[in-house]
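Single-structure report; data block below.
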Amino acid sequence: MRRVVFNQKGGVGKSSITCNLAAISAARGKRTLVVDLDPQGNSTHYLLGKPAADLKDTAADLLEQTVAFSVFNRRPEEFVHASSFDNLFVLPSSPELDFLERKLEAKHKIYKLREFLKNWATRLTRSTSIPHRH
Ligand SMILES: Nc1ncnc2c1ncn2[C@@H]1O[C@H](COP(=O)(O)OP(=O)(O)OP(=O)(O)O)[C@@H](O)[C@H]1O
Ligand SMILES: [Mg+2]
Numbered sequence: 003m004r005r006v007v008f009n010q011k012g013g014v015g016k017s018s019i020t021c022n023l024a025a026i027s028a029a030r031g032k033r034t035l036v037v038d039l040d041p042q043g044n045s046t047h048y049l050l051g052k053p054a055a056d057l058k059d060t061a062a063d064l065l066e067q068t069v070a071f072s073v074f075n076r077r078p079e080e081f082v083h084a085s086s087f088d089n090l091f092v093l094p095s096s097p098e099l100d101f102l103e104r105k106l107e108a109k110h111k112i113y114k115l116r117e118f119l120k121n122w123a124t125r126l127t128r129s130t131s132i133p134h135r136h
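Under the working numbering, read the sequence shown as residues 3 to 136, first letter to last.
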């Protein structure tokens, strides 16, 4: 299921609504992943209770792997954080996402995340175990 929460204006409640919709979905028993790509990291902060800047293993770290030359890439699931709510998971933001967007564009890798999400859609609904870290 996909939902778009859109408003050009800042600070009107987009992130709050997104987190609440995700929480409702999780409360109904669906394994739900919030992907926070806003370098401000408000959704990450709302759901994990910590500023994005204080977290390791973020969306920026995942995407950084795709622009860096590395043979030993970590699996996308390793960047997913369990929230304190059942069924509710977060791919956290990072202030570094701001710079990364341009790097991904330059290397024509801006759609990498779409591939991860496609795979996750099938894998995360199964019983992948995501540890609590907070
Ligand atoms: N639990 C809360 N209690 C009171 N105010 C809150 C709470 N959560 C968020 N807010 C405030 O509500 C407003 C809307 O927050 P939100 O982050 O959802 O907006 P947004 O549209 O995503 O903003 P942005 O455009 O900056 O991403 C902000 O001013 C925020 O500080
Ligand atoms: Mg927001």
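Here a beta-carbon is modelled for each residue, glycine too, at the ideal position from N, C-alpha and C.
- C-beta contact flag for Leu49 and Ser96 at 7 Å: no
- Item | Of the residues Cys21, Leu106 and Leu102, the one placed nearest Ala91, counting alpha carbons only | In the sequence on display, residue 91 carries Phe and not Ala. It is Cys21 whose Cα lies nearest to the Cα of Phe91.
- Whole angstroms is fine: what's the gap from Thr68's alpha carbon to Ala25's? 30 Å
- Nearest-angstrom Cα separation, counted from Lys120 out to His83: 18 Å
- Query: Would you call the CB atoms of Leu106 and Phe81 closer than 7 Å?
  - Reply: no
- Query: Apart from the five residues on each side of it in sequence, which residues of its chain come closer than 8 Å, Cβ to Cβ, to Val7?
  - Reply: Lys16, Ile19, Thr20 and Leu23
- Run of the beta strand (DSSP E) containing Val14, from where it starts to where it stops: Element bounds for Val14: n/a, residue is neither H nor E.
- Ends of the alpha helix (DSSP H) at Val69? Ala61 to Val69
- Message: Quick check on the contact list: which residues have their beta carbon closer than 5 Å to a heavy atom of ligand 1?
- Response: Gly12, Gly13, Val14, Gly15, Lys16, Ser17, Ser18 and Asn44
- Would you mind reading off the limits of the beta strand (DSSP E) that contains Leu93? Leu90 to Leu93
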